[in-house]
Each structure stands twice: as structure tokens, then as C-alpha cells.
Amino acid sequence: MFGIDSDALIKLTKSGAKEIVAATVETVVPSVVERETVAEGREGKFPDAFEIERNLRKGLLKRVKAPKLRETETIIEKLGLKGGEADVFRLYRAGKCRAIVSDDQKFLDLLTALNVPFVTPSALIVYAWRKGKIDKRVCLQLLEKLRPMVSEEEYHLAVIEIKGGD
Numbered sequence: 158m159f160g161i162d163s164d165a166l167i168k169l170t171k172s173g174a175k176e177i178v179a180a181t182v183e184t185v186v187p188s189v190v191e192r193e194t195v196a197e198g199r200e201g202k203f204p205d206a207f208e209i210e211r212n213l214r215k216g217l218l219k220r221v222k223a224p225k226l227r228e229t230e231t232i233i234e235k236l237g238l239k240g241g242e243a244d245v246f247r248l249y250r251a252g253k254c255r256a257i258v259s260d261d262q263k264f265l266d267l268l269t270a271l272n273v274p275f276v277t278p279s280a281l282i283v284y285a286w287r288k289g290k291i292d293k294r295v296c297l298q299l300l301e302k303l304r305p306m307v308s309e310e311e312y313h314l315a316v317i318e319i320k321g322g323d
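Residue numbers (the working numbering): 158 to 323.
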């Protein structure tokens, strides 16, 4: 079960990979991420907001409330976490997800320092391919769509994995 932050959810949606990823792994969306991606996205008339909302209604993505526990809130405050990143961290600390999906490098650096498992959007696309949910061609197409939204390093590492993984 993966808790996802707003940035990663939007990127997977825009690349067309969200439904494939959500069919491959259980993906949970904390309340603040839902607000950031759906409510605020609808206000801005972003098409991905409506798609995310449909997936939440269908149950492809699962809504999960992140409890506010004193110790976790202290850590969040000390680290300066805000918004969806703070809420997905709450999910992890409460045992409501086993890893976090993000590609915000500053956040990933914090997760690494705290020994919190995480994956990036491109890693989830590669995982869907490894699990046989998509073929190599589709995987490379999805990664190409994701490319403008992620670092060149993240993109190239994923492509190397696919091209060398046959």
C-alpha cells in the first residue's frame, strides 16, 4: 500500500499512468492531497483534477484520513513539512501505508534521513511493467510522457531499467 503526495499523483495522472499504477498497487490518498489535487484543481479548472476525482469515486484510488498523532506532529513541525507531504507522512507514521510516493527531492532527502521507504512515479511505472500490467512499449511511452515532469536522472534510470530488463 502506497501513500501518494499531490505532486506525484498529478504527474502520474498527466502522464496517463495513474490508472495502470493504481491497478498494480494499492494507492491511498490522504485528505490534504485530495483537497490539493481535486478541490483546488477544480477551482483552477485543471483537467487532471476531474480525473482524480473520478478515480476516487470509483475506488481506484482510496481515500484515507491521516490521524494527527502528537509525536508525528512534532516531527512534521521540526521538519517544516506542509500540505500533502505532511499528510502522507502522517499516513506512513500511523501505519496506513507502507511507503510514500513522491518525487520532490527535498522531501525524498528527508524520508531517506528518517529511513522511510519511498518510490518515485517513474519507479511505479517500471514496477507495473515488471508485474506484467503493461508491455515494454507502453512502459516506455508512459515514461516519455512523464519525462518533462521529472528529473533527467529519474527518467534515464527508469529507461535503463526497462531497456536492460528484458
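Cβ coordinates follow ideal geometry from the N, Cα and C atoms, glycine included.
May I ask you to report which of helix, strand or coil DSSP gives residue i?
i	result
Pro187	strand
Lys202	coil
Lys293	helix
Val221	strand
Val283	helix
Gly160	strand
Val276	strand
Ala174	coil
Lys253	coil
Leu226	coil
Starting from the C-beta of residue i, find all residues in its chain whose C-beta is less than 6 angstroms away, skip the five residues before and the five after it, and write them out in chain order.
i	result
Val283	Ala315 and Glu318
Ser188	Lys222
Leu166	Thr194
By Cβ distance below 8 angstroms, which residues in the same chain neighbour residue i in space, the five residues on each side in sequence not counted?
i	result
Ser279	Asp260, Leu300, Leu303, Val307, Glu311, Tyr312, Leu314 and Ala315
Gln262	Ser308
Bridge partners of residue i, per DSSP?
i	result
Arg192	Partner(s): none; Arg192 has no beta bridge.
Express the C-alpha separation of residue j and residue i in angstroms, rounding to a whole number.
i	j	result
Glu309	Glu230	34 angstroms
Glu200	Gly321	43 angstroms
Ala243	Ile233	6 angstroms
Ser163	Val221	14 angstroms
Val295	Leu267	32 angstroms
Pro224	Arg247	7 angstroms
Ala196	Val276	25 angstroms
Lys253	Val186	10 angstroms
Glu193	Leu281	21 angstroms
Arg227	Val245	16 angstroms
Asn212	Glu191	11 angstroms
Gly237	Leu218	27 angstroms
Ile209	Lys175	9 angstroms
Leu169	Lys290	15 angstroms
Arg255	Val182	11 angstroms
Arg214	Phe207	11 angstroms
Counting along the chain, where does the alpha helix (DSSP H) carrying residue i start and finish?
i	result
Val258	Where Val258 is concerned, there is no enclosing alpha helix (DSSP H), although the beta strand (DSSP E) it sits in stretches over Ala256 to Val258.
Val245	Gly240 to Arg250
Val316	Glu309 to Gly321
Keeping to the same chain, check which residues put their C-beta closer than 7 angstroms to that of residue i; ignore five residues upstream and five downstream.
i	result
Pro305	none
Arg250	Leu226 and Thr229
So, is the C-beta of residue i closer than 9 angstroms to a C-beta in chain C?
i	result
Leu281	Included in the structure is just one protein chain, with no chain C present.
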